[in-house]
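Residue numbers (my numbering): 40 to 168.
Using N, Cα and C, we set each Cβ at its ideal position, and we do this for glycine too.
Bear in mind that the values here come from a model prediction, so they are computed numbers and not experimental data.
This is the structure:
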């Protein structure tokens, strides 16, 4: 089935939430319903107290961070695929859009990426050499 862009929502903080349908058939009459929510977040040095921290995150992730979240449900009957897909999207919108729309979201995301790099440097050793 491949991934199909279903919706692009512009939030009050100017970020865009892309909603992708990544569902695929599992068996003759069942499907794995999968939704990918993707947000591109521009990153600036203003988010960091130490300019070296900005440079570190920029070296690993570039000047644009990507926040992604997946919701899925396996073994859904083909007839229920659209209903389940819409429920997953609705749950995300109710639970997460206000969080992403917060003006502090980009800074918090950048700082969480910095924490991850600092605490798990081994994951990034091929980039940080």
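Assigned with DSSP and collapsed to three states, residue 64 falls in strand. Taking the C-beta atoms as reference points, residue 151 is found no nearer than 8 Å to residue 107. Going by C-alpha positions, residue 124 is about 21 Å away from residue 138. Put simply, of 41, 52 and 111 the residue whose alpha carbon is nearest the alpha carbon of residue 146 is 52. In the structure shown, the three-state DSSP call for residue 44 is strand.
DSSP lists 103 as the bridge partner or partners of residue 81. Within the same chain, 74 and 110 come within 6 Å of residue 127 by CB-CB distance, once the 5 residues on both sides are set aside.
Distance between residue 95 and residue 42, taken at the CA atoms: about 32 Å.
Ranked by Cα distance from residue 80, the options 132, 89, 55 and 119 are led by 55. When the five nearest sequence neighbours on each side are left out, the beta carbons in the same chain lying within less than 8 Å of the beta carbon of residue 97 are those of 82, in order along the chain. Judged by their CB atoms, residue 117 and residue 70 are nearer to each other than the 8 Å cut-off. Beta-bridge pairing by DSSP links residue 76 to 58 and 108.
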